[in-house]
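The numbering of the sequence shown is UniProt numbering, which starts it at 1 and goes up by one. We treat Cβ as the ideally placed atom computed from N, Cα and C, and that holds for glycine. Every value quoted in this text rests on a predicted model; they were computed, and no experiment measured them. Heads up: the structure comes next, in structure tokens.
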Amino acid sequence: MVVLTALQVEYEAVRQRMVDVHEVELPQGTLLDVGRMPGLNWEVALAETGPTNTRAALVAQSTIEHFDAEAVLFVGVAGALRDDIHLGDVVVASKVHGYHGGRESVDGFAARPDTWSPEHGMDQLVRSARRNEPWAYLRPDTRLSTSPKVHFEPIASGDVLLGFRDSETARRIRRHYNDAVAVDMESHGVTHATRMNSAVRALSIRGISDFAGPDKPTRDATGSQETAARHAAAFAMRVLRDLRPKRQVAQEPHSAPAVVVVSAPDRSPEPAAWNSRPVVDVAGQQYLLYENPGDLVHESRDGDVLRRQAVARVVPDEGGRGTYAWLRQVERTGPLPAPNQFDPLAALEQEAELCHRLRGPDVVQLTRSGKTSTLALAWPGDAKLGSPMGTVHELLPESPTPTDPHRLWSIVRGLADVAHVLERLSGAGFSHRALRPTAVVMHRPQMVLRDFGLATVPPRPGENAGPYQAPEQRHGSRGRPGPATDVYQLGALLHRALTGRIPDPGLPAYRGSDSVPDSLVHAVAGALREDPGARPEARTLRLALLSAARELASVPPPQR
Numbered sequence: 001m002v003v004l005t006a007l008q009v010e011y012e013a014v015r016q017r018m019v020d021v022h023e024v025e026l027p028q029g030t031l032l033d034v035g036r037m038p039g040l041n042w043e044v045a046l047a048e049t050g051p052t053n054t055r056a057a058l059v060a061q062s063t064i065e066h067f068d069a070e071a072v073l074f075v076g077v078a079g080a081l082r083d084d085i086h087l088g089d090v091v092v093a094s095k096v097h098g099y100h101g102g103r104e105s106v107d108g109f110a111a112r113p114d115t116w117s118p119e120h121g122m123d124q125l126v127r128s129a130r131r132n133e134p135w136a137y138l139r140p141d142t143r144l145s146t147s148p149k150v151h152f153e154p155i156a157s158g159d160v161l162l163g164f165r166d167s168e169t170a171r172r173i174r175r176h177y178n179d180a181v182a183v184d185m186e187s188h189g190v191t192h193a194t195r196m197n198s199a200v201r202a203l204s205i206r207g208i209s210d211f212a213g214p215d216k217p218t219r220d221a222t223g224s225q226e227t228a229a230r231h232a233a234a235f236a237m238r239v240l241r242d243l244r245p246k247r248q249v250a251q252e253p254h255s256a257p258a259v260v261v262v263s264a265p266d267r268s269p270e271p272a273a274w275n276s277r278p279v280v281d282v283a284g285q286q287y288l289l290y291e292n293p294g295d296l297v298h299e300s301r302d303g304d305v306l307r308r309q310a311v312a313r314v315v316p317d318e319g320g321r322g323t324y325a326w327l328r329q330v331e332r333t334g335p336l337p338a339p340n341q342f343d344p345l346a347a348l349e350q351e352a353e354l355c356h357r358l359r360g361p362d363v364v365q366l367t368r369s370g371k372t373s374t375l376a377l378a379w380p381g382d383a384k385l386g387s388p389m390g391t392v393h394e395l396l397p398e399s400p401t402p403t404d405p406h407r408l409w410s411i412v413r414g415l416a417d418v419a420h421v422l423e424r425l426s427g428a429g430f431s432h433r434a435l436r437p438t439a440v441v442m443h444r445p446q447m448v449l450r451d452f453g454l455a456t457v458p459p460r461p462g463e464n465a466g467p468y469q470a471p472e473q474r475h476g477s478r479g480r481p482g483p484a485t486d487v488y489q490l491g492a493l494l495h496r497a498l499t500g501r502i503p504d505p506g507l508p509a510y511r512g513s514d515s516v517p518d519s520l521v522h523a524v525a526g527a528l529r530e531d532p533g534a535r536p537e538a539r540t541l542r543l544a545l546l547s548a549a550r551e552l553a554s555v556p557p558p559q560r
């Protein structure tokens, strides 16, 4: 990965994010810093080109050839040409217009456009990054009160520094390239160099530092260039998070085994909260955290026990295909428990052993260091999208809606797979007791549990607080949580799928509709009985779900 900048302020915004840096001199004398970005797979070669398209093109071409680069990002600042583009916003070039191309005659200037656009894959990557966590790499202490916007729009590039919006050059841009929202002096040169290397993917990512007018020196003096460069560098890293090396993907086999690393070095855990940074280091193994809907990125405290959890990518990602993990960490901030007391650190380690024994999620890493234990379990990845698979949370309706038989079939068939795992858990004398929409991961055509929940934690009144808490888990309720609790929580998930709401004793029972098999309605009603002893076993519920799934599969598609 080659990252090019034109100015020192842009260079520093990228350089401060690199580690393991060493200087490399090219045969032409160009000096670059080469290193890596924590949590990312790419080796990065960083160069400062200086201004003008010609210099940028020459440095880009020689750097691409020397490193046999797969991708080039041109990162830095630009001037806004439109009033709805604000200082600190980031413009990613959907087109780069070389605005000097044309012919002068007695009739005036006739434009001969020379325009570059990124390939479709890069186009989609930018749009995805703009929608999902665009500022994951912007440090919280540098964030503005209002988040900057990311614009995927054309920019104009030429060798004239615009200092007057009503200049002849500015009027020419408005007349012939009126879709351009920003202007710089180097993007056309960089993109022109990448054209000569058809396998190289490229983007120009520019933070807005001024308005291409006479107030530029005043804006620069207030630190606008530093802010704009920082935002451009942060969004560039966000793009890199999901950009996969093509060569490694091509060499990757169709199915890769799960990574299993079990270690317990004597190292201190990272002290900062996970939700304040994108990369976590656990005993030398790095994880790139993802923000997800629901409760997947979370930190909570229970007395002197601190718990953290997140979905993450395992780094380095050998092969570039994507190995993901469900990362949980338990830290004691007080004294260790006595020998006869419950130890939450040991419970996490017992869960790892249970996963091995009952064919649960594969263990990626298990580490204990002092008062901290960390468990990473394999999380299914979507090879096409280059991201972790979603959860049932994304399938369940937020409000009562007409039943979609195909969506309902997916949920019912998938939860039958989950019930099978719960059978094995129950047969070994354990129960999950913490089923909720984000606890079930879609692993088409199946569904899998992200972990074993509270299986290794002794039951206690009030556990699993929230809408999916079973009656026996509430304070003062009769009965002890166990396998019947899992059945209730599966029934609650199905009830949500059918009605768009959580089951509530104060509301009438669901009576079904013509498109919902009666067997499914009866199965849900049985699973949601208040008395744990009156509920069916997990195996009985699984067989009922399989039968209902077969009926749903035979429902003809709606007429259009």
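Distance, residue j Cα to residue i Cα
i: arginine 127; j: threonine 218; result: 33 Å
i: glycine 163; j: proline 214; result: 5 Å
i: glycine 429; j: alanine 383; result: 36 Å
i: alanine 378; j: serine 410; result: 22 Å
i: aspartate 20; j: glycine 414; result: 45 Å
i: aspartate 220; j: serine 147; result: 20 Å
i: asparagine 178; j: leucine 203; result: 21 Å
i: arginine 359; j: glycine 453; result: 15 Å
i: leucine 366; j: valine 311; result: 16 Å
i: arginine 175; j: histidine 86; result: 22 Å
i: proline 405; j: arginine 550; result: 11 Å
i: leucine 32; j: alanine 6; result: 13 Å
i: valine 249; j: leucine 58; result: Reliability fails at valine 249, whose pLDDT of 38 lies under 50, so the model's placement of it is uncertain and the value that follows must be treated cautiously. Approximately 30 Å, taken between the alpha carbons.
i: valine 239; j: glycine 466; result: 36 Å
i: proline 459; j: leucine 435; result: 14 Å
i: valine 183; j: asparagine 197; result: 25 Å
i: alanine 455; j: aspartate 362; result: 16 Å
i: histidine 97; j: isoleucine 205; result: 14 Å
i: arginine 165; j: glutamate 104; result: 22 Å
Within-8 Å CB hit, residue i to chain B
i: aspartate 220; result: Absent here is chain B; the protein component of the structure consists of one chain.
Integer-rounded CB distance, given that residue j should sit under 8 Å from residue i
i: glutamate 70; j: methionine 18; result: Actually they are not in contact, since the Cβ atoms of glutamate 70 and methionine 18 sit about 18 Å apart, beyond 8 Å.
i: glutamine 286; j: arginine 308; result: Incorrect: roughly 15 Å between the Cβ atoms, too far for contact.
i: alanine 538; j: serine 426; result: 6 Å
i: isoleucine 64; j: valine 72; result: 6 Å
i: aspartate 302; j: threonine 333; result: With a Cβ gap of about 11 Å, aspartate 302 and threonine 333 do not count as contacting.
i: leucine 289; j: valine 297; result: 7 Å
i: valine 44; j: valine 3; result: 6 Å
i: serine 187; j: serine 157; result: 4 Å
Which listed residue (the options) has its alpha carbon closest to that of residue i
i: leucine 345; options: Trp379, Ser373 and Val363; result: Ser373
i: glutamate 10; options: Thr323, Tyr468, Pro405 and Ile208; result: Ile208
i: valine 150; options: Ala156, Asp159, Ser157 and Asn132; result: Asn132
i: glycine 381; options: Ser157, His432 and Val448; result: Val448
i: arginine 171; options: Trp116, His100, Leu203 and Val106; result: His100
i: methionine 122; options: Ala199, Ser515 and Glu472; result: Ala199
i: valine 181; options: Ser387, Leu336, Ile155 and Arg480; result: Ile155
i: leucine 40; options: Leu395, Pro517, Pro245 and Pro51; result: Pro245
i: leucine 543; options: His420, Pro316, Gly29 and Ile502; result: His420
i: methionine 37; options: Thr191, Ser387, Val279 and Asp141; result: Val279
i: leucine 528; options: Pro517, His188, His495 and Val516; result: His495
i: proline 27; options: Arg195, Ala45 and His66; result: His66
i: glutamate 463; options: Gln446, Ser431 and Arg450; result: Ser431
i: alanine 553; options: Pro536, Pro517 and Val521; result: Pro517
i: glutamine 61; options: Leu396, Thr194, Gln124 and Pro505; result: Thr194
i: aspartate 242; options: Tyr137, Val106 and Leu493; result: Tyr137
i: arginine 230; options: Gln16, Val487 and Asp531; result: Gln16
Own chain, CB closer than 6 Å to residue i, minus 5 neighbours either side, in chain order
i: arginine 55; result: Thr49
i: valine 392; result: Pro437 and Val440
i: proline 337; result: Asp343
i: alanine 376; result: Ala325, Leu327, Val364 and Gln365
i: arginine 560; result: Legend: pLDDT at arginine 560 = 45, less than 50; position of this residue unreliable, no value from coordinates given.
Neighbourhood of residue i by C-beta distance below 8 Å, restricted to the same chain and skipping five residues each side
i: proline 118; result: Ala93, Ser94, Val126, Arg201, Ala202 and Leu203
i: serine 513; result: Thr403
i: threonine 30; result: Ala47, Val59, Ser62 and Thr63
Contacting residues, own chain, Cβ-Cβ under 7 Å from residue i (five flanking each side not counted)
i: phenylalanine 109; result: Gly102 and Arg172
i: alanine 509; result: Ala525
i: serine 255; result: Interpretation of serine 255 is limited by its pLDDT of 33, a score under 50 that renders its predicted location unreliable; the figure taken from the coordinates is listed afterwards. Once the five neighbours on either side are set aside, serine 255 has no close Cβ partner at all.
i: alanine 523; result: Leu541, Ala544, Leu545 and Ala548
i: proline 316; result: Asn41
i: glycine 491; result: Val524, Ala527 and Leu528
Practice task
Only counting runs of 4 or more residues, tell me where the alpha helix (DSSP H) segments fall wholly within the region 125 to 194, in order along the chain.
Solution key: As summarised for the region 125 to 194, the continuous alpha helix (DSSP H) elements at least 4 residues long and confined to that stretch are 168 to 176, given in chain order.
Exercise for the section: Please go through the region 14 to 87 and give each complete beta strand (DSSP E) segment of 3 or more residues, from N-terminal end onward. Expected result: 19 to 25, 31 to 36, 43 to 48 and 71 to 80
Exercise for the section: Would you list, in sequence order, the uninterrupted beta strand (DSSP E) runs of no fewer than 3 residues that lie entirely inside the region 300 to 368? Expected result: 305 to 315 and 324 to 332
Practice task
Jot down the residue ranges of each uninterrupted alpha helix (DSSP H) in the region 369 to 444, minimum 4 residues, whole runs only, in chain order.
Solution key: 405 to 427
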